[in-house]
Structures are given as C-alpha cells and as structure tokens.
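The block underneath contains the structure these notes are about, expressed in structure tokens.
In the numbering used here, the protein residues as written are 5 to 412.
Below, the structure is given as structure tokens:
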C-alpha cells in the first residue's frame, strides 16, 4: 500500500493471485525486512517494515495442489531514510563575558549538514562548534540538521546566559576622621547575577558585618575589606579609614581662688597654644577678670583644634570670693588638711576643733553630699564618684574654705 516508505514504516502487501492458491512464499531482495502483526514469508498478505534505505525487489510464488506461479517486481519498493532527530548540549551554560561555549551535536540519524544559530547574530556549519559570547544577554540557540530523509530544527530558548565580571568598589565617608568619630563604609557592586551578599572584615581584626554600608568607629587607622558574592562569583575590595588622635591638652597652673576686690586680670595658659578659652569672665585668649565678679565657681573651658581638624577640650574652675572676712588661702594652708589628693575610694579631712559643714561639689557648683564635722578628723567614703575634679567646701560660721580634689 506504500511504494515509497521510510525506514521503519509499516507496509501492507496484498495477494492478488487467481486460481485459488493455498501456499504463498514471499521473497524480498535485499532481505533487510521485518515481518510484523503475526505475519511471515508464508502469509498470504504479509505486513513488513523495511530496516534500511534502498530499492527492494519483491517476489511472490503462489501454489496450489496442481501448479505454482511466480511474479517478480524488480525495484518495486523504494525505501527512504528517516528524517534526522536534532539534539545538542553545551557547556558551560552561563558565565561572564567573554564566555567560551563548546556545543556538542547529539542528533540521531543520517545527517549531511549542520546549521547553528547562536542567537547573537553569528552562525556555524560545524558539527561540534566552539563559540565565544562577547555580549551580556540571554541567548536562544538553534540547530538544524539535514540528511537524506529530510531536516529537523531544534530551538532551545534562553539557553546561554552571560553576565559581566563581578566587581565591587569600596569607599568610606569620611575616610579621614578624628578619634571617636564615625565613618560610613560603602560597597558598590556591579556585574555578575545582580543579586549580591556582602561581608566586611578589618585589618587590624575585630570588625565584621554583613551590611552593605555599615557605620564604623575605629580607634586606630584601619583597613576594611569587603567581599561580595553573587552566587557564582566572588570579588573583593578594600578601603582605609585614617584615624587621627585627639590633641593632648595640658592646662597651665591656674589659680584656684581669686578675689573680686580690685584683683587684676589673670592670663590663663595651656598647651598646645593657639586654642580658644570660653566661660564667664574669660576672653577667647584666656584673660580671666575676677574684679566685680559674683562670688562663686567659674568653669573655664579650653578648646584646641590641631592641623588635622581634630578637636579636644579641657576644663578647670576658679573660685571668686569677696575676700572680706579672712585670708582663705592662708587658712587652707595652715589649718585644713585634706588627704590623699588625688584619692581613690575615700578622703580624710583634718581641721581645727569646732563645728563645720562639709560639702562636696561638682565643678559647676552642684552639691553631691553634705555632712557635719564635729571632730578634728573625718574620713568620707567616695567609692560611688566617677573619676574627675571636685570641690570640697568647708564652712564654719561666716568663714568658707574651698579645696579642689581629684578622684582617680
């Protein structure tokens, strides 16, 4: 029923003999056929498939009890090749440009030609080509194979994925700071898959973060290293934050107590020089004027900025009194002893016999404690105090003595 089948096609043969034959013998030349559907060479109407391409002659001998007859049909069946089945693989399927991809033909059947389209405007007629992708994109690859039996095309959509090389740039704002200041680290990633994770470390060690832009407060000049990963690639970069120390200020020998009665101005000093003084009754250059000032403590701040822009300040205080009743400075030196000074956890006062009111003050005049002293000696526990400068005020009647003490 089909004189031009392809390999593997089913062909039905029909006996048209006359004379009531009872025996049939079929012969195919060449004999590269397979009988199917329960038939064989002695069937009246065999069903066969042809296993190879080419021209086949068919012969039928029909017989009965009286006679037999043979008919031969030369080159009766022309069997064609099957169309090829296109298939291929490639490696790698993704990567950064320039990306070299090796394509491997996996097609089946008799094939005479191969035609590749790599999706980037280039083609090849090699069976197993190598192709270099230079653009960033997702590419569809097509293979068409052609043989005696025809042709077939296989299209693999979005088959090759190329990307830029992953890179990261690190910066710090600002990248030069003073001690105790902050700097914000920044990581700018590009290329790769576009999905990034960040990991920061430091040299010297001690800092780590998985934020993209963390804030740091280094105490010394530090190099920060950022590593970025996109799931396939890893890139790194680093940035250094320079830390300048704060200037060290040493205040001069400032007077602890002055009188407001016709007392001349006092020039305060500090090193390094060139800073600015601030506070009540003091000029920016450090000239303190006690004359006419109200009685009390005057907190004076010295602020210095060095050539790197780093700034520090130091404070001390001067007590201004009206100096009408007695010579406090001589009184303190001759009659009141406070020790140890500096102290750690407690301080002891030795005073002449009498009743005294003892107060501990901050430099700004705020009272911390107040106690009565009725003995010559009293030890006051001060473990709770923070390190710093404090004032002890001793009052007896109208007389007041002030003494500066230091908690270590």
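Glycine included, each C-beta is placed from N, C-alpha and C at the ideal position.
Is the distance from the Cβ of residue i to the Cβ of residue j below 8 Å?
{"i": "residue 166", "j": "residue 145", "result": "no"}
{"i": "residue 400", "j": "residue 343", "result": "no"}
{"i": "residue 66", "j": "residue 9", "result": "no"}
{"i": "residue 3", "j": "residue 118", "result": "Because the chain is modelled from 5 through 412, residue 3 falls outside the range shown and cannot be assessed."}
{"i": "residue 273", "j": "residue 296", "result": "no"}
{"i": "residue 31", "j": "residue 63", "result": "yes"}
{"i": "residue 279", "j": "residue 307", "result": "yes"}
{"i": "residue 115", "j": "residue 159", "result": "no"}
{"i": "residue 94", "j": "residue 107", "result": "yes"}
{"i": "residue 244", "j": "residue 227", "result": "yes"}
{"i": "residue 254", "j": "residue 281", "result": "no"}
{"i": "residue 82", "j": "residue 7", "result": "yes"}
{"i": "residue 123", "j": "residue 153", "result": "no"}
{"i": "residue 88", "j": "residue 23", "result": "no"}
{"i": "residue 136", "j": "residue 104", "result": "yes"}
{"i": "residue 193", "j": "residue 220", "result": "no"}
{"i": "residue 73", "j": "residue 92", "result": "no"}
{"i": "residue 120", "j": "residue 111", "result": "no"}
Who are the near neighbours of residue i in its chain, counting only those whose CB is closer than 7 Å to its CB and skipping five residues on each side?
{"i": "residue 12", "result": "53, 86"}
{"i": "residue 47", "result": "28"}
{"i": "residue 178", "result": "187"}
{"i": "residue 250", "result": "182, 183, 314, 316"}
{"i": "residue 218", "result": "189, 204"}
{"i": "residue 79", "result": "59, 61"}
{"i": "residue 331", "result": "Bear in mind that a pLDDT of 47 at residue 331, under 50, signals an unreliable position, so the number given afterwards is only what the model happens to contain. There are no such residues."}
{"i": "residue 223", "result": "183, 247"}
{"i": "residue 18", "result": "49"}
{"i": "residue 409", "result": "342, 345, 347, 351, 394, 396"}
{"i": "residue 333", "result": "Residue placement at residue 333 is flagged as unreliable, the pLDDT there being 47, under the threshold of 50; the coordinate-derived value follows with that caveat. These residues qualify, in order along the chain: 261."}
{"i": "residue 256", "result": "272, 273, 274"}
{"i": "residue 392", "result": "411"}
{"i": "residue 213", "result": "204"}
For the beta strand (DSSP E) that residue i lies in, which residues bound it at each end?
{"i": "residue 59", "result": "58 to 67"}
{"i": "residue 242", "result": "238 to 248"}
{"i": "residue 175", "result": "171 to 177"}
{"i": "residue 320", "result": "315 to 325"}
{"i": "residue 350", "result": "350 to 354"}
{"i": "residue 258", "result": "Segment: none, residue 258 is in no beta strand (DSSP E) and carries neither H nor E."}
{"i": "residue 194", "result": "187 to 194"}
{"i": "residue 300", "result": "300 to 309"}
{"i": "residue 365", "result": "360 to 365"}
{"i": "residue 225", "result": "From DSSP, residue 225 is part of no beta strand (DSSP E); its letter is neither H nor E."}
{"i": "residue 252", "result": "First-last for residue 252: undefined, no H or E at that position."}
{"i": "residue 282", "result": "280 to 282"}
{"i": "residue 136", "result": "134 to 137"}
{"i": "residue 390", "result": "Per DSSP, residue 390 belongs to no beta strand (DSSP E) and is neither H nor E."}
{"i": "residue 343", "result": "341 to 343"}
{"i": "residue 424", "result": "No information on residue 424 is available, as it lies outside the stretch 5 to 412 that the chain covers here."}
Who are residue i's beta bridge partners in DSSP?
{"i": "residue 52", "result": "15, 39"}
{"i": "residue 156", "result": "149"}
{"i": "residue 199", "result": "The partner list for residue 199 (beta bridge, DSSP) is empty, contrary to what the question assumes."}
{"i": "residue 408", "result": "395"}
{"i": "residue 92", "result": "109"}
{"i": "residue 119", "result": "148"}
{"i": "residue 376", "result": "361"}
{"i": "residue 29", "result": "65"}
{"i": "residue 231", "result": "203, 240"}
{"i": "residue 84", "result": "10"}
{"i": "residue 100", "result": "167"}
Which residue from the options puts its Cα closest to that of residue i?
{"i": "residue 205", "options": "189, 198, 196, 194", "result": "189"}
{"i": "residue 196", "options": "113, 168, 181, 365", "result": "168"}
{"i": "residue 345", "options": "309, 321, 412", "result": "412"}
{"i": "residue 174", "options": "240, 151, 83, 187", "result": "240"}
{"i": "residue 311", "options": "122, 164, 33, 180", "result": "180"}
{"i": "residue 199", "options": "133, 377, 171", "result": "171"}
{"i": "residue 57", "options": "43, 73, 36, 372", "result": "36"}
{"i": "residue 33", "options": "40, 42, 43, 55", "result": "55"}
{"i": "residue 84", "options": "44, 129, 14", "result": "14"}
{"i": "residue 390", "options": "398, 378, 366", "result": "366"}
Using 8 Å as the limit for Cβ to Cβ distance, is residue i near chain C?
{"i": "residue 340", "result": "Looking at the structure shown, chain C is missing, and only one protein chain is on hand."}
Whose C-beta lies closer than 6 Å to the C-beta of residue i among residues of the same chain, with five residues either side of it excluded?
{"i": "residue 16", "result": "5, 51"}
{"i": "residue 374", "result": "363"}
{"i": "residue 216", "result": "191, 202"}
{"i": "residue 258", "result": "272, 320"}
{"i": "residue 337", "result": "For residue 337, the predicted structure reports a pLDDT of 45, less than 50, and the residue's modelled location is therefore unreliable. The matter cannot be settled from this model."}
{"i": "residue 138", "result": "101, 102"}
{"i": "residue 207", "result": "227"}
{"i": "residue 293", "result": "269, 285"}
Between residue i and the rest of its own chain, which residues show a CB-CB distance below 8 Å, the 5 nearest in sequence each way excluded?
{"i": "residue 380", "result": "354, 355, 356, 357"}
{"i": "residue 323", "result": "260, 261, 262, 300, 301, 302, 395, 406"}
{"i": "residue 350", "result": "383, 384, 385, 386, 387"}
{"i": "residue 326", "result": "263, 264, 265, 299"}
{"i": "residue 288", "result": "280, 281, 282"}
{"i": "residue 335", "result": "The pLDDT assigned to residue 335 is 48, lower than 50, so where the model puts this residue is not dependable, and the model offers no usable value."}
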